[in-house]
Structure formats: C-alpha cells, structure tokens
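According to our numbering, the sequence shown holds residues 28 to 380 in order.
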Amino acid sequence: MENLVRVGISMGDPNGVGPEVIIKALSDNRMLQTCMPAIYGTGKVISFHKKLVNANEFNYHTSKPGDPFNFKNINLVSVTDEEFKVEPGQSTEAAGKLAFRSIEAAVKDLKDKKIDALVTAPINKKNIQSDDFSFPGHTEYLASQFGVKDYLMMMVTEDLKVGTVTGHLPLNEVSASITSHKIVEKVKVMHKSLIRDFGIRKPRIAVLGLNPHAGDNGLLGKEELEVIIPAIQQLKAEGMIVAGPYGADGFFGSSNLNNFDGVMAMYHDQGLIPFKTMEFERGVNFTAGLPVVRTSPDHGTAYDLAGKNTASESSLRHAIYMAVDIVKKRREYDQINANPLRASVMRKEKSDR
C-alpha cells in the first residue's frame with residue numbers, strides 16, 4: 028500500500044464545484060487501489076458538500092498538516108481552524124482566502140515530498156488575489172514556487188495534447204508577446220514533456236499560425252514570416268520533428284491532427300476552444316516543465332452549477348489518473364536514464380573486443 032502514488036488534491040474555491048467533484052471522483056472505491064488521495068481543505072466544507080451530493084458512504088481520515096497519512100483511507104488535511112460559511116455559487120473574499128490556504132498547504136507537502144503529485148481543483152482567479160497570491164492562475168504560481176522559468180500550460184488527453192505559447196494574457200497583448208525565442212522555448216518544454224511524461228520517443232509537434240490562414244504568406248499578417256517560421260526552422264535544425272505554421276481553423280478539423288503528438292497554439296483561446304470542444308469531459312490541464320507533477324480538471328469554478336449536484340467529476344477523475352500515470356512515467360524514464368553509457372565508453376569497449 029505504501030508504494031501507491033500519493034496524490035494531493037487542493038480543494039479549490041469552496042463555493043464552486045471543486046469540493047463536489049472531488050467527493051464524487053473519490054467515492055469510487057477503486058480510486059484507493061490506484062493512489063493514496065489527500066484532500067487539502069476543511070472538514071466542514073467537505074461535510075457540507077457531502078450532504079449536498081448525498082454521498083453518505085464517503086468517509087475520510089482527518090489529520091493536521093505534518094501528520095502521517097493513512098494509506099488505507101482518503102485523507103483530509105485540515106488547513107485551518109477558522110470558521111467558514113459555505114455559500115454555493117458566491118464569490119467571496121473568505122472563499123478566496125481558504126482556497127489559497129489549501130494550495131499553500133498542498134504545495135508545502137509537495138516540496139517536502141510528502142505527496143508525489145498535486146491535483147488542483149478550480150479557483151476563482153479574482154477573489155484569490157492577495158499579497159501571497161498575485162498570479163493569473165495556478166500555473167504561474169507553481170512556476171514561481173518551484174523557481175521555474177520555462178514552463179508550459181498543456182491541455183491533454185491520451186490522444187490530444189495542446190500547449191500555448193502565451194497563457195492568461197489579454198488578447199490585445201498577444202502579438203507583441205510572441206517572439207521566436209519564446210516559441211522555441213515553449214516547444215522545447217513540450218518536446219521534453221512528451222518524452223519524459225508521456226513516453227513518446229520521437230515527438231511530432233505541429234505549430235499553429237497566429238493570423239487567419241497562417242497569414243496567407245504575409246497578406247493577413249507578418250508574424251508567421253518574421254517570427255513563427257524562423258522559430259520552426261531553428262527547432263528543426265536542432266533535430267526536432269516540428270511542422271507548420273498551420274491555420275488554426277482548418278487544422279483541428281482535419282485528419283492532419285492525427286499526424287502529431289502535440290500541438291503548439293499561439294494563445295489561450297486558439298488552443299483551448301477546440302480542445303474543450305473535442306475533449307471537455309476527459310480533458311486535463313497539465314503544467315509541463317515543473318520538477319513536480321501537477322494536473323487539474325479543464326473547467327473552472329462553475330458557480331452556476333455549485334450546490335446543485337449536477338457537476339460532472341469526469342475531468343477531475345481523469346486529472347487524478349493522469350497525475351498517477353505521469354509520476355510513474357517519470358520514475359521509469361529517470362530510472363532508465365540515471366546512468367547512461369557515454370558514447371566514447373561504448374566505442375572503446377567495442378574496439379577492445
């Protein structure tokens with residue numbers, strides 16, 4: 028049992044659907060055969076949502092930060108003793124504060140190697156803002172916490188993996204933010220992740236254009252000619268299998284999509300709208316480039332569904348399974364590559380024969 032992957036799950040906004048989908052996903056007893064889950068939140072919030080979804084058989088072991096985990100049960104790490112009133116569907120300052128407490132405690136355990144992976148339930152990116160959390164979202168916060176400069180938000184399923192060169196950025200700032208250097212760095216992060224995290228030996232990556240029809244040879248914009256194509260040429264020169272730029276509208280609807288292991292979009296909605304249209308129930312948000320494993324469902328707090336027992340736990344369940352799979356893939360990859368023989372040594376041994 029102690030060899031199970033330890034998965035920490037931050038509660039997200041307590042007034043959103045996070046606690047509900049966590050309870051629903053973990054109510055399947057088979058989950059305890061897959062991993063050791065630890066929810067970071069409070070007993071009162073979980074109990075409130077447990078009643079809302081009629082999960083009478085949902086049980087857990089409560090502990091405080093720093094206490095040992097119970098590998099035979101779902102663990103609930105109580106992150107605060109402060110009183111909190113659950114108000115489903117409401118964005119409140121108190122909810123943002125509690126959501127941050129949950130993330131903070133989970134990240135500490137991740138740093139201390141008490142958990143092997145982190146699954147983050149959705150937060151409200153506005154009410155969580157404070158002196159301690161002044162980031163556009165989880166991705167940027169985690170990159171800061173682990174001192175990572177080159178990271179990538181990827182939306183993934185077994186069959187489709189989409190990254191974005193720019194992340195949570197206003198649309199009118201996108202063009203000026205895209206440089207050849209940034210495209211190269213983001214594609215390199217995706218390339219490495221596809222190998223180490225997903226077991227793809229020779230990844231094939233498609234790069235989308237920024238403008239309609241990928242600029243139509245400069246007629247509809249110069250970014251493809253001046254920025255994107257030079258980046259692709261550099262990546263090819265370094266030995267990567269990279270193609271493009273492709274017009275985003277036609278690419279996702281064509282069979283060409285099946286020829287690639289990863290797709291690099293230029294901005295948030297360009298990649299996420301088609302991804303969520305195709306894979307909303309199964310989609311997982313994965314942060315590539317971190318020294319730790321972090322996934323999340325591909326939806327937000329869904330205040331309009333909170334407290335109604337109608338939210339689907341499918342994406343959260345897939346996020347947990349994917350976190351476990353990536354941890355195992357990394358362990359396997361790192362073990363295989365721990366002591367690689369140098370080519371010179373191999374040549375010398377061959378000559379000695």
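Ideal Cβ placement from N, Cα and C applies to all residues, glycine included.
Three-state class that DSSP yields for residue i in the structure shown
| i | result |
| --- | --- |
| Asn312 | strand |
| Ser37 | strand |
| Arg358 | helix |
| Gly242 | helix |
| Gly190 | strand |
| Thr147 | strand |
| Val44 | coil |
| Val80 | coil |
| Leu196 | coil |
| Val183 | strand |
| Arg374 | Note that Arg374 scores a pLDDT of 48, beneath 50, so its modelled location is shaky; the value from the coordinates is reported in the next line. In the structure shown, Arg374 sits in a helix (DSSP, three-state: H, G or I). |
| Ile227 | coil |
| Tyr178 | coil |
| Leu247 | coil |
| Asp257 | A small correction: the amino acid at residue 257 is Pro; Asp does not occupy that position in the sequence shown. Reduced to three states, the DSSP call for Pro257 is helix. |
| Gly334 | coil |
DSSP beta-bridge partners of residue i
| i | result |
| --- | --- |
| Asn102 | Ala65 and His88 |
| Pro324 | Val311 |
| Ile232 | Val269 and Gly289 |
| Val32 | Cys62 |
CB contact flag (residue i, residue j, <9 angstroms)
| i | j | result |
| --- | --- | --- |
| Thr69 | Pro41 | yes |
| Ala315 | Ala292 | no |
| Asp136 | Pro92 | yes |
| Val32 | Val354 | yes |
| Ile259 | Tyr360 | no |
| Gly271 | Val234 | yes |
| Ile101 | Ile130 | no |
| Lys335 | Pro115 | yes |
| Leu383 | Ile49 | Not covered by the structure: residue 383. The range shown for the chain is 28 to 380. |
| Gln172 | Val134 | yes |
| Ile205 | Tyr294 | yes |
| Leu187 | Leu79 | no |
| Ile363 | Cys62 | no |
Sequence-distant residues of its chain with Cβ nearer than 8 angstroms to residue i (five each side left out)
| i | result |
| --- | --- |
| Ser21 | The chain is shown from 28 up to 380; residue 21 falls before or after that span and cannot be answered. |
| Ser90 | Phe96, Asn97, Asn102, Leu103, Val104 and Ser105 |
| Gly242 | Gly236, Gly248, Lys249, Glu250, Glu251, Leu252 and Pro272 |
| Lys112 | Ala121 |
| Met305 | Leu187 and Phe279 |
Neighbourhood of residue i by C-beta, 7 angstroms cutoff - its chain only, sequence neighbours within 5 removed
| i | result |
| --- | --- |
| Ser371 | Residue placement at Ser371 cannot be trusted, given a pLDDT of 47 that sits under 50; what the coordinates show is reported in the next sentence. Closer than 7 angstroms at Cβ, skipping near neighbours: no residue. |
| Lys229 | Ile268 |
| Ala132 | Tyr67, Pro92, Val104 and Val106 |
| His76 | Pro46, Glu47 and Ile50 |
| Gly245 | Leu252 |
Minimum C-alpha distance to residue i - residue among the options
| i | options | result |
| --- | --- | --- |
| Lys303 | Phe287, Asp325, Phe313 and Ala126 | Asp325 |
| Val106 | His76, Glu120, Ser74 and Tyr67 | Tyr67 |
| Asp224 | Gly43, Gly236, Ala350 and Leu252 | Ala350 |
| Ala122 | Pro46, Thr337 and Ser281 | Pro46 |
| Gln297 | Lys99, Gly310 and Phe278 | Phe278 |
| Arg309 | Gly245, Ser339 and Lys99 | Ser339 |
| Val189 | Met63, His218 and Pro163 | His218 |
| Gly248 | Pro257, Asn238, Val254 and Ile255 | Asn238 |
| Ser281 | Leu262, Pro301, Lys213 and Ser202 | Pro301 |
| Lys141 | Met305, Leu187, Lys77 and Ala65 | Ala65 |
| Leu169 | Leu284, Leu317, Ile347 and Val192 | Leu317 |
| Ser341 | Ala52, Lys263, Asn30 and Ile36 | Ala52 |
| Tyr178 | Val290, Glu167 and Tyr87 | Glu167 |
| Lys208 | Thr191, Ile255, Val201 and Thr147 | It should be pointed out that residue 208 corresponds to His in this sequence rather than to Lys. The residue with the shortest Cα to Cα distance from His208 is Ile255. |
Closer than 8 angstroms: residue i CB and nearest the ligand MN heavy atom
| i | result |
| --- | --- |
| Gly242 | The ligand MN is not part of the structure shown, which contains no ligands of any sort. |
Residues near residue i by beta carbon distance below 6 angstroms, same chain, minus five either side
| i | result |
| --- | --- |
| Phe313 | Met181, Val183 and Thr322 |
| Ile155 | Gly123, Ala126 and Phe127 |
| Val44 | Ala329, Leu332, Ala333 and Ala338 |
| Pro163 | His195 |
| Ala144 | Val34, Val320, Ala350 and Val354 |
| Leu201 | The sequence shown places Val at residue 201, not Leu. Excluding sequence neighbours, Val201 sits near Thr193 and Tyr294. |
| Asn366 | none |
| Asp288 | Leu221, Ile227, Pro230 and Arg231 |
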